[in-house]
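See structure below.
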């Protein structure tokens, strides 16, 4: 909102010096930055607990119906972390999902030395096959944060993973590539996350009859997405919804309770888009203000 008319001495100094929209943005940015710092500090404390891959039941037990793991009526959920991170980032989201009826939730750690999104996607595929064998379920849901969402999308779109993945939710994932921090280009997997990379080009190729439903959460204050809209999926062949989140940054997406509610709704909702020939009608899911 732009302030017009005669300035009152009672108007705060920041409102007299800055346009209304910029003032609101600055306040929101300060709040989001403070929250990001707090989340980063907490995550650093939890990080060691997530270094080791989580323990899972032996696949040898899976063929017997009597020994299959309980999953309830909802598909298992696979959580996939972002670049130089581990499963500890999902501590709060995992608890939230479990409290609301998800009986089988697993996280996959991939090495911080991983240099190829394609290789990580193949590893994800083997992990999902193992889950389906142990649980007796045909399909799973995936929630991927940042790079994790890109790995999951590559598996779904390029490696036939749409047969196994019912819904893929991505949080701050650079679907069209991000230009942030050019100095990080020394890492091969960062180069694959750049606009115009071979991986991004592959994801832009046609994906007819893809069965997976996509829901992408993107934040207007995400400092790792450049441009911001890269975190929204834009592909004519995919059943995709985009949810704009206002008021938080990149690290808060897998942590904030309001986003967790949105994720649960995305996982539990019925497919609302309808296939029309070779293209898909994109369902606009609106926005989510969390701060």
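Numbering (this note's numbering), first residue to last: -12 to 278.
Backbone N, C-alpha and C define an ideal beta-carbon position, used for all residues, glycine too.
All values derive from a computational prediction rather than experimental measurement.
With a beta-carbon spacing of about 5 Å, residue 253 and residue 156 fall inside the 8 Å limit used to define contacts.
DSSP places residue 131 in the strand class (E or B) of the three-state scheme.
Distances from the CA of residue 237 to each of 29, 75, 227, 209 were compared; the closest alpha carbon is that of 209. In its chain, beyond the 5 residues on either side, 127, 151 have a beta carbon closer than 6 Å to the beta carbon of residue 115. Going by C-alpha positions, residue 98 is about 24 Å away from residue 154. Between the alpha carbons of residue 129 and residue 146 lies a distance of about 15 Å. In this structure, the straight-line span from the alpha carbon of residue 38 to that of residue 134 is close to 17 Å.
Between residue 192 and residue 14, the alpha-carbon positions lie close to 40 Å from each other. Pairing residue 251 with residue 84 gives a Cβ-Cβ distance under 8 Å. In this structure, the CA atom of residue 247 is about 6 Å from the CA atom of residue 80. Residue pairing by DSSP leaves residue 189 without any beta bridge partner. Excluding sequence positions up to five before and after residue 212, its CB lies within less than 8 Å of the CB of 159, 161, 165, 167, 205, 206, 218, 237, all in the same chain and listed in chain order. Rounded to the nearest whole angstrom, the CA to CA distance from residue 107 to residue 138 is 6 Å.
A buried status is given to residue 179, since no fewer than 16 other beta-carbon atoms sit within 10 Å of its beta-carbon. Contact check between the region 215 to 234 and the region 169 to 177: fewer than three CB pairs, one atom from each, fall below 8 Å, which does not count as touching.
Contact between residue 73 and residue 34 is confirmed by a C-beta separation of about 7 Å, below the 8 Å threshold. Apart from sequence neighbours up to five positions away, the residues of its chain that approach residue 185 with a beta-carbon distance below 8 Å are 179, ordered along the chain.
Under the three-state reduction of DSSP output, residue 88 falls in the coil class, being neither helix nor strand.
In this structure, residue 26 and residue 242 form a Cβ contact; the two beta carbons are roughly 6 Å apart against a cut-off of 8 Å.
Shown here for residue 61: same chain residues with a beta carbon closer than 7 Å to its own, the five before and five after excluded, namely 88, 89 in chain order. The beta carbon of residue 276 is closer than 7 Å to those of 233, 234 in its chain, skipping five residues each way along the sequence.
If you check the CB distance, residue 163 and residue 182 come in under 8 Å.
For secondary structure counted as the alpha helix (DSSP H) over 4 or more consecutive residues, the region 130 to 215 holds these complete runs in sequence order: 134 to 145, 175 to 179, 185 to 191. Annotation: the continuous alpha helix (DSSP H) that includes residue 108 extends over 104 to 122.
Counting along the chain, residue 252 sits inside the alpha helix (DSSP H) bounded by residues 244 to 255.
By the neighbour-count definition (other C-beta atoms within 10 Å, threshold 16), residue 93 is a buried residue. The three-state secondary structure of residue 28, taken from DSSP, is helix.
Put simply, the backbone Cα of residue 96 is about 25 Å away from that of residue 245.
Residue 274 carries a strand assignment under DSSP once its states are collapsed to helix, strand and coil.
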